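Okay, so here's the structure we're looking at.
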Amino acid sequence: MSKRVFIVAGLLVALLLAGVASSFASGSPDGLDYAAREGCTFNADDEITGGTCMAQQAKDHEFADGPLADYAFKGIDNEYLATGLSGVIGVLITFAIGGGLFWLLRRRPS
Amino acid sequence: MEAVAMHIANGIINGPVSAIFMVIAVAGLAVCVWRAKADLDDRLAPMAGLVAAFIFAVQMLNFGVLPGVSGHLLGGTLAVILVGPWVGALCVSTVLIVQALVFGDGGLTALGLNITNMALIGAAAAYVLVALLLRVLPKNASGLGATAFIASVIGVVLASQGFVLEYALGGTTDLSLAGVAATLGGVHVLIGVGEGLIAATTVVTVAKVRPDLVYALRAFRKPLEVAA
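Heads up: the sequence lines are chains F and S, in that order. Residue numbers are given in my numbering: position 16 of the first sequence equals residue 16, and the series is strictly consecutive. Residue numbers are given in my numbering: position 40 of the second sequence equals residue 1040, and the series is strictly consecutive.
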């Protein structure tokens, strides 16, 4: 397999994972979030109702209202579509920024 | 279910400690950029972009580890094996910066904390473990897979204890440090097992298709005989 084909195939796998598989990921708090919530009680709306936990001190994200905040897509209510689209855009942005940065940093044959 | 925020949020660690770790992160990344230049050639540069994009994608795939608790890949070991420690730390950092700036995941004031734990501690631990394990384990696909698995489990637990250190220095709540360390460490052993399976599958797949694109196999000059 040529390197170019390998990179394109790898990128396709990443796009499928972020664009399709991501909608089937677990929605439970991750390990860190779980630890941050430990010690507090929550109501049905996931609001803290008592106790002491790290999550009480958590402040909103600076960009909590951004168009792709929380891996959604502003204006699209369908969760599968919104998550998938934000995942695809994220993979492309990360590849562009990462790839571009590493290309600029690379050793050039002298 | 949709993916949700998964990195350290603003406010969990106080301002001064967050600022100190931002300085540590910037200094660490500067060293990585400096050392990465020697590794980055026309072959590694596109591969590094792909590794960053792949880590972004797989970080969205939270898997259940306990009832009501999930985990996701951090990516340090995967990156170190495929593109080396310096470029690998930069790959994970790229993902964290994109997540913080575009997806509102991981507070901007907490970016230094997140980069220190997942990119710097994650890659450093993986580097030491991978270099060691590749020398003692069998020089075949099983050896590479086992290396990825073991380094992932230990690397993820160490990254989680990076948070414990930061919380000890600047936590904004009054909780038992031993309790936080035990909860985080315990759940991250399980997350590390998931990460290890993903990392092992990925690097063994790449090694079978294009072994020359696996940095760890080049760097440690170890021929890989893959039994397909």
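Even for Gly, the Cβ is constructed at its ideal location relative to N, Cα and C. Here the structure is a predicted model, which is why all the values come from computation and not from measurement.
Y1215 of chain S and V13 of chain F have their C-alpha atoms spaced approximately 20 Å apart.
Spanning the alpha carbons of A1036 of chain S and N1114 of chain S requires a straight line of approximately 21 Å.
Contacts with chain F (Cβ-Cβ distance below 9 Å) from the region 1020-1049 of chain S involve V1033, A1036, K1037, A1038, D1039, L1040, D1041, D1042, R1043, L1044, A1045, P1046, M1047, A1048 and G1049, listed in chain order. In this structure, the CA atom of G1064 of chain S is about 11 Å from the CA atom of F24 of chain F.
Pairing Q1059 of chain S with H1072 of chain S, the inter-Cα distance amounts to about 5 Å.
Between L32 of chain F and chain S, the shortest Cβ-Cβ separation is below 9 Å. DSSP places I1198 of chain S in the uninterrupted alpha helix (DSSP H) bounded by L1177 to V1209. Chain order gives the chain F residues near S1070 of chain S as A25, S26, G27, S28, P29, D30, G31, D33 and Y34, where near means a beta carbon separation below 9 Å. Taken in chain order, the members of the region 45-75 of chain F whose beta-carbon sits within less than 9 Å of a beta-carbon on chain S are T52, C53, M54, A55, Q56, Q57, A58, K59, D60, H61, E62, F63, A64, D65, G66, P67, L68, A69, D70, Y71 and A72.
In this structure the region 1012-1032 of chain S does not lie against the region 1180-1193 of chain S, because fewer than three pairs of beta carbons, one per stretch, are closer than 8 Å.
Within the same chain, and ignoring the five residues on either side of A1151 of chain S in sequence, the residues whose Cβ sits closer than 7 Å to its Cβ are T1077, A1126, L1129, V1130 and L1133. Close to T1172 of chain S, with beta-carbon spacing below 7 Å, are these residues of chain F in chain order: Q57. Distance from A69 of chain F to F1103 of chain S at the Cβ level is roughly 6 Å; contact confirmed, criterion being Cβ atoms closer than 8 Å.
Within chain F, no C-beta atom comes less than 9 Å from the C-beta of L1074 of chain S; the nearest is roughly 10 Å away. For I1121 of chain S, there are no neighbours in chain F by C-beta distance under 9 Å, as the nearest C-beta there is about 14 Å away. In the DSSP annotation of this structure, the continuous segment of the alpha helix (DSSP H) that includes V1128 of chain S starts and ends at G1122 to V1136. The beta carbon of V1095 of chain S lies closer than 8 Å to those of A1052, I1055, F1056, Q1059 and G1075 in the same chain, with the five residues before and after it left out.
Residue pairing of D30 of chain F in beta bridges, as defined by DSSP: S:S1070. By the CB criterion at 9 Å, I76 of chain F and V1098 of chain S fall outside the cutoff. By the C-beta density criterion, R106 of chain F is buried, having at least 16 other C-beta atoms within 10 angstroms.
Taken through DSSP and simplified to helix, strand or coil, N1117 of chain S comes out as helix. Contact check for V1156 of chain S and I1191 of chain S: beta-carbon distance about 6 Å, within the 8 Å limit, so the pair qualifies. Under the Cβ criterion of 9 Å, Q1099 of chain S is counted among the residues facing chain F. Within 10 angstroms of the beta-carbon of L104 of chain F lie fewer than 16 other beta-carbons, which makes it exposed. Scanning its chain for C-beta atoms nearer than 8 Å, with the 5 sequence neighbours on each side dropped, one finds around A55 of chain F the residues D33, A36, R37, C40 and I48, in chain order. For S1160 of chain S, the chain F residues whose C-beta falls within less than 9 Å of its own C-beta are G31, L32 and A35, listed in chain order.
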